[in-house]
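Numbering (this note's numbering), first residue to last: -13 to 289.
C-beta atoms are modelled at their ideal positions from N, C-alpha and C, and glycine is treated no differently.
Being a predicted model, the structure only gives us computed values, none of them experimental.
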């Protein structure tokens, strides 16, 4: 069955300090996206769609897109501040686009198959792609609107260099019941407890195996009309704000609570890693080098 990997690659990486999607972290100059594409291809995905900004198009295609020529079908979608339904016009002073769900909305005309949707600057591990690919193959026969999320144990998703933002998941009968964004999760260096630091100054302790969202989603293409509907509602409520954002977890949460979709909860023991902070870079480089030396990845991913 045809399946598409959608990579959200339009962000600048403000905490990291640069365009981290193009940072060469592997032993032979690979980016984290290269490993995502390789793992997806090994798991049965046969099309890649990059969601980027127009202003990085030429560099992105030269540095990234050219690597996959002849290996997999590639397409691009462009997140644009003004790409909004029903002729909605953004505030004159608004600079940033509208978040991850708005980025996915940009791919509505180029994605026609079941899909995985991921961040471009995270390493997820091949197990996640295999699980989601198998789910999409099995579920697609029934058709309609469906989805899944691969959840990670929060202990496997932390940075040693600062807080991280994670969607804390509630699971019921094997499906995602809700996902709530926690923007400041960190391991307390004194107690060793994983804590979510709340805006009111309080903290919430999280168990080591608490499942969290790392933005590893699976959807049927029927999700796009729902995204457009919810984007209209979002703009009606918050469209005049300069920094409001429309997130993929919010779309999932809305569809679940409205009874429009069950979202299968897949789980993995894999450890996430990435470059949330510049200080994360050395560890990521070392980890990728070790995985290559152990033979989990070839010396040249796309030779």
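Does DSSP put residue 42 in a helix, in a strand, or in coil? Helix.
Let me confirm a value: residue -7 is counted as buried when at least 16 other C-beta atoms fall within 10 Å, else exposed. Which label applies? Classification for residue -7: buried.
Straight-line gap, residue 35 to residue 207 (C-alpha atoms, nearest Å): Looking at the two C-alpha atoms, the distance is approximately 13 Å.
Host beta strand (DSSP E) of residue 126 (start-end): Judged by DSSP secondary structure, residue 126 falls outside any beta strand (DSSP E); it is assigned neither H nor E.
Name the DSSP bridge partner or partners of residue 161? Beta-bridge pairing links residue 161 to 158 and 250.
Could you pull out every residue in the same chain whose Cβ sits closer than 6 Å to the Cβ of residue 141, ignoring the five residues on either side in sequence? 194, listed in sequence order.
Simplified DSSP assignment, three categories, for residue 318: Residue 318 falls outside the range modelled here, since the chain spans only -13 to 289, and no answer is possible.
To the nearest angstrom, how far is the alpha carbon of residue 263 from that of residue 180? Straight-line Cα distance between these residues: approximately 19 Å.
Where the beta strand (DSSP E) containing residue 201 begins and where it ends: Its beta strand (DSSP E) spans residues 197 to 205.
Is the beta carbon of residue 22 less than 7 Å from the beta carbon of residue 119? No, these two residues do not count as a Cβ contact at 7 Å.
Near residue 145, what residues of its chain come up, given a Cβ to Cβ distance below 7 Å and the 5 sequence neighbours on each side ignored? Around residue 145: 262, 263 and 266.
What is the DSSP secondary structure of residue 148, counted as helix, strand or coil? DSSP, read as helix, strand or coil, puts residue 148 in strand.
Starting from residue 18, trace the alpha helix (DSSP H) in both directions and tell me its first and last residue. Where residue 18 is concerned, the enclosing alpha helix (DSSP H) stretches over 18 to 28.
Measuring straight from C-alpha to C-alpha, what distance separates residue 91 and residue 41? Cα atoms of residue 91 and residue 41: separation of roughly 19 Å, rounded to the nearest angstrom.
Segment contact flag, the stretch 72 to 90 with the stretch 121 to 129, C-beta cutoff 8 Å, min 3 pairs: Short answer: they don't touch.
Might you give, ordered along the chain, the residues of its own chain that have their beta carbon closer than 6 Å to the beta carbon of residue 81, omitting 5 neighbours on each side? Closer than 6 Å at Cβ, skipping near neighbours: no residue.
Please look up how many angstroms separate the CB atoms of residue 33 and residue 59, rounded, as I've assumed it's under 8 Å. Sure, about 4 Å apart at Cβ, within 8 Å.
Going by beta-carbon coordinates alone, are residue 287 and residue 20 separated by less than 7 Å? Taking 7 Å as the Cβ cut-off, residue 287 and residue 20 qualify as a contacting pair.
Is there a C-beta anywhere in chain B that falls below 7 Å from the one on residue -11? Checking the listed chains, one finds no chain B in this structure; it contains a single protein chain.
Contact belief for residue 155 with residue 199 at Cβ below 8 Å, rounded distance in angstroms: Cβ atoms of residue 155 and residue 199 come within 8 Å of each other, at about 6 Å.
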